[in-house]
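To start, the structure under review is shown below, and the notes come after it.
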Amino acid sequence: MDRPRAHRPHLAAALAALPALLAGLFLAGSPAASGCRPPPKRKGSADPERELGRLATLVFAGDTVLARRMHWGVTDTEAREPLGALRPLFDGADLSLVNLEGVLSSRGEMQDKGERNSFYFRGRPDLVRILVEGGIDVVTLANNHAGDYGPEALLDALEILDAAGIQHVGAGATPEQAAAPIYRRAGDVVVAVIGLDATQASFGVRRGRAGTNYANEGRPDELVAAVRAAVERARRHAHLVFLTVHWGPNNADEPTPERRALARRLIEEAGIDAVLGHSAHRAQGIEIHRGRPILYDAGNLLWDYDDEGPSHRGLAFRLHFDRSGVRWIEAIPIRLRKNRTTLDDDPAEALERLAGLCRALGTELVRRPGSGEGAGAEVGVLVVEPRYAPPAPAGPAETPPEPARRTPPPAVLFPTPDTVVAALPADANRFDPPVAFENGIELLGWQIETPRIRRHRPLFVRTWWRTSRPVEARWEVFLHPDPTREGQERFAGGGAGEHEPGDWSYPTNRWRPGEIVEDRFDVRPFPDVPPGTYELFVGLWRPDTRVRLRPLDEARTDGGRRVRLGVFEQTAEP
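Take 137 as the starting number for the sequence shown in the working numbering and just add one per residue.
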């Protein structure tokens, strides 16, 4: 169990002299309207923390994916590796906040998102230990993956987070719960955090159906009004109100003019003290408007594959603040690898890129050696000049007792998933007798839900499995569409529908003999898949050894340890 962290002291005398310090020490270098100056450059003024006093801190990072191959980043007893290298950074702050991109649950099925080739993110409940061991205090679930597996799975995620002592915003069983802020005390400052999604309307909460706190970015007046109402409620108890918002398309390097205009209105009209954005999977620049920061996108924090592009050169932002607002920001480069994230040991590229993005938004990011808890070798620094203090709380600035992070009990972490079923449905295609594999696993039947798919649409397939004896290893199901090997590789990035059974919910080393395990999964065609008829094959393999499991009856395979299921058609229709 984690102990509540000690809050940082505040130096009242230094803060009282703040206006004079800002006027006398900070150099001009950005537009006056921005409310931003670089940190002092004269000899003897080393860093803003020394000039301004030690302030309360929040560490904010972006998209955190606990799904797919992230399951291989933990064991039944160990979950420190994925975020362990960043724990000093998160623990050194008064508050840490990330975007949990998806849900934690052993229930639900992939939902129709009305998109082409949708991505789906769901982690088994035990993956919550990554957040616990990583030092995460608060997550937002207001994003376009919170409803991937339906409202029941979302409610499971909220309960699992509660059991782990991790607070959450941006989703709930009712509109009131989804829009409600959480309150945290940081030194003598009470901070409210509100979560908002502007990307996936179908996941928005409504009466009788759990969902996200959604507002349409295309209707800015309504969005600003909704945020303003939430801010007014939060101001009753909080000195500062931060908004964490999921907005904009993937892989965008900079915000659109429309999004910049909306962000400014969130400050001017809704009264937000800091806008903390995510969604693009790559970091965007920082703008200072009327003395309040807009972090348009933090990029990614944790992912399940390697890459050398900007999506895997992320940033964690450490905001230093007092009751008057955010005073300065550190941008700390991080490096994403498969299933783990560390500080970037070569931060120059990420900082250079961020400096250019900030410059385009009228702010000047200054590079300096890292200092403090978990900051790394070099960071970017941006000093903010708050224009005016936010109004004092209308009611008592009190917070409920802050939960202590903890590992939930095994009943929460390792439930029997709903993919364990009593029998195959009547319309399933059955193997008679079942296809037996060499370790006791049997393939009982199959069903292609969508035997005719349009271009860019996923193929949904169900298979049913059973074991006659305990299985020690973790085997994955693979689904191979085939006329040729070339055609196979045009399907399902990463190889062809490879996943642990039960859509990652039930690894084979947890199976109990005699249980029937249903697996429903999607195979996603790449855009260049030509129209035609494809055969579908299934099998089991181990990604750690790259060995396929051998069926005992070779006559029921294609000679490559793959079992033929049936055929489907890919049409030219969009």
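Note that beta-carbon positions come from the ideal geometry of N, C-alpha and C, so glycine has one too. Only a predicted model underlies this, so the values are computations on that prediction, with no experimental measurement involved.
Secondary structure of residue i, DSSP reduced to three states
i       : result
Gly-492 : helix
Gln-247 : coil
Gln-420 : coil
Arg-692 : helix
Ser-507 : coil
Thr-543 : coil
Trp-208 : helix
Gly-220 : helix
Phe-550 : coil
Thr-669 : strand
Ser-166 : For Ser-166, the predicted model reports a pLDDT of 37, less than 50, meaning its position is unreliable and no value from the coordinates is stated.
Thr-644 : helix
Ala-159 : Because Ala-159 sits at a pLDDT of 37, beneath the cut-off of 50, its placement in the model cannot be relied upon, and the following sentence gives the value as read from the coordinates. Note: Ala-159 maps to helix in three-state DSSP.
Pro-687 : strand
Leu-497 : coil
Asp-292 : helix
Arg-656 : strand
Ile-577 : strand
Glu-748 : Nothing about residue 748 can be reported from this structure: the residues present for the chain run from 137 to 710 only.
Ser-584 : It is worth fixing the name first, because residue 584 is Ile in this sequence and not Ser. If DSSP states are grouped into helix, strand and coil, Ile-584 belongs with the strands.
Cβ shell of residue i (< 6 Å), same chain only, five flanking positions each side left out
i       : result
Gly-198 : Asn-235, His-414, Ala-434, Gly-435, Asn-436 and Leu-437
Pro-539 : Gly-301
Pro-687 : Val-571, Phe-573 and Thr-693
Leu-398 : Pro-356
Ser-447 : His-417, Arg-418 and Asn-436
Ala-328 : Pro-317, Tyr-319, Ala-370, Ala-374 and Val-377
Residue i to residue j span [Cα, whole Å]
i       : j       : result
Ala-511 : Phe-453 : 10 Å
Val-519 : Phe-226 : 21 Å
Ala-370 : Arg-364 : 10 Å
Thr-276 : Thr-380 : 7 Å
Asn-475 : Tyr-524 : 43 Å
Gly-695 : Asp-689 : 10 Å
Ile-577 : Phe-550 : 21 Å
Leu-701 : Val-683 : 21 Å
Ala-293 : Arg-541 : 15 Å
Asp-440 : Ala-419 : 18 Å
Gln-583 : Arg-598 : 5 Å
Ile-424 : Thr-193 : 18 Å
Pro-561 : Leu-240 : 27 Å
Thr-586 : Gly-283 : 22 Å
Ala-315 : Leu-359 : 12 Å
Ile-652 : Glu-634 : 20 Å
Thr-348 : Arg-698 : 41 Å
Glu-521 : Gly-238 : 36 Å
Glu-466 : Glu-636 : 39 Å
Ser-254 : Gln-706 : 17 Å
His-382 : Thr-335 : 7 Å
Ala-307 : Leu-402 : 20 Å
Ala-628 : Phe-614 : Here the model assigns Ala-628 a pLDDT of 45, short of 50, so the residue's position is not dependable and the matter cannot be decided.
Pro-311 : Glu-534 : 24 Å
Phe-257 : Gly-209 : 15 Å
Leu-163 : Arg-495 : Because the pLDDT of Leu-163 is 32, which lies under 50, any placement of that residue in the model is unreliable, and the question is left without a value.
Glu-214 : Arg-426 : 46 Å
Integer Cβ distance of residue i from residue j, believed to fall under 8 Å
i       : j       : result
Thr-543 : Val-268 : 6 Å
Trp-640 : Arg-204 : 7 Å
Ile-266 : Pro-224 : The pair is not a contact, with the Cβ atoms about 16 Å apart (cut-off 8 Å).
Asn-386 : Asp-333 : With a Cβ gap of about 14 Å, Asn-386 and Asp-333 do not count as contacting.
Arg-455 : Ala-410 : It should be pointed out that residue 455 corresponds to Leu in this sequence rather than to Arg. Yes, they are in contact, since the Cβ atoms of Leu-455 and Ala-410 sit about 7 Å apart, within 8 Å.
Arg-463 : Leu-191 : 6 Å
Ala-229 : Val-195 : 4 Å
Gly-638 : Asp-655 : 6 Å
Gly-421 : Leu-472 : That belief does not hold up - the Cβ atoms of Gly-421 and Leu-472 are roughly 20 Å apart, past 8 Å.
Neighbourhood of residue i by C-beta, 8 Å cutoff - its chain only, sequence neighbours within 5 removed
i       : result
Asp-618 : Gln-624, Tyr-670, Glu-671, Leu-672 and Phe-673
Glu-709 : Arg-590 and Arg-591
Ala-609 : Asn-575, Thr-644, Asn-645 and Arg-678
Pro-532 : His-373
Asp-563 : Gln-583
Pro-529 : Val-326, Arg-371, Arg-372, His-373, Ala-374 and His-375
Beta-carbon contacts of residue i that lie in its chain and below 7 Å, excluding the five residues immediately before and after
i       : result
Glu-288 : Arg-243 and Gly-244
Arg-252 : His-592 and Arg-593
Val-367 : Val-377, Ala-406, Gly-407 and Ile-408
Gly-180 : Confidence at Gly-180 is low in this model, with a pLDDT of 32, below 50, so its placement is unreliable and the value that follows should be read with caution. Excluding sequence neighbours, Gly-180 sits near nothing in its chain.
Leu-451 : Ala-419, Ala-434, Gly-435, Ala-467, Ile-468, Pro-469, Ile-470, Ala-486 and Leu-490
The ligand FAD heavy atom lying under 7 Å from the CB of residue i
i       : result
Tyr-256 : As for the ligand FAD, it is missing from this structure, which has no ligand bound.
Query raised in the report: Hey, which unbroken runs of the alpha helix (DSSP H) at 4 residues or more fall wholly within the region 430–476?
Result: none
Query raised in the report: Which parts of the region 320–368 are runs of the alpha helix (DSSP H), unbroken and 4 residues or longer, counting only runs that do not cross its ends?
Result: none
Query raised in the report: Which whole runs of the beta strand (DSSP E) in the region 230–289 are 3 residues long or more, in chain order?
Result: 231–236 and 274–276
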